[in-house]
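**Q** Have a look at this one before I ask anything.
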Amino acid sequence: MNSKTFLTVHAAIYGVFALALFFVPALMWPMYGLELNDQYALFLSQHNSIFLGGIAAISFLLREIEQGLVAKKLFKGLLVTNLLGVVITLYACFTGVFVGFGWSDPAFFALLSFLSYAQYKKVQLG
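If you count by our numbering, then the sequence shown holds residues 19 to 144, one letter each, in order.
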């Protein structure tokens, strides 16, 4: 897949989750086995949307990038971000915080890690 397609899809995925966790967290989190039981939990979900939305914006705004040092660093940053997602969501699954649909998160982040790595390897520094 070319960089533009990858970054557009990456931005769309992160953007959808940012919007969902901001506007309908009470609908989203129970699918993962979590309960929003006070205003602070609701705020933390909405606060998390800052970072998801930021990653979406960066991916979208840099989707034209194909080659060079900046592209290499972008894909390395996305790889690290998605690998952190694998580790943290696996932890949540193994400790019983995430149940049900929550097991999809490590798989989702692993797929994005693999795709980020593939894009990273394709970039020529030329």
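We treat Cβ as the ideally placed atom computed from N, Cα and C, and that holds for glycine.
(1) Give the straight-line distance between the Cα atoms of A161 and I83, rounded to the nearest whole angstrom.
(2) Using only the alpha-carbon positions, how far apart do L108 and W121 sit?
(3) Thinking C-beta only, is A128 closer than 8 Å to V104?
(4) State buried or exposed for H65, treating a residue as buried only when at least 16 other CB atoms are found within 10 Å of its CB.
(5) Based on Cα-Cα distance, which residue from L60, K22 and T113 lies nearest to V42?
(6) Can you find the residues in the same chain that come closer than 6 Å, C-beta to C-beta, to G51, ignoring five residues on each side of it along the sequence?
(7) On the CB-based measure, 16 or more other CB atoms within 10 Å of its CB, does D56 come out buried or exposed?
**A** So, to answer that:
(1) As shown, the chain starts at 19 and ends at 144. That puts residue 161 outside it, with no answer to give.
(2) On the sequence shown, residue 108 is found 90 positions in, with the first residue counted as 1. On the sequence shown, residue 121 is found 103 positions in, with the first residue counted as 1. Roughly 8 Å between the two C-alpha positions.
(3) Looking up residue 104 in the sequence shown gives position 86. Looking up residue 128 in the sequence shown gives position 110. Contact flag set, yes.
(4) As a first step, residue 65 must be located in the sequence shown, where it is residue number 47. H65 is exposed by the Cβ-count criterion.
(5) As a position in the sequence shown, residue 42 is number 24, starting the count at 1. Closest by alpha carbon: L60.
(6) Along the sequence shown, read from residue 1 onward, the residue named residue 51 stands at position 33. Closer than 6 Å at Cβ, skipping near neighbours: F116, V117, G118 and G120.
(7) Against the sequence shown, residue 56 aligns to sequence position 38. So D56 counts as exposed.
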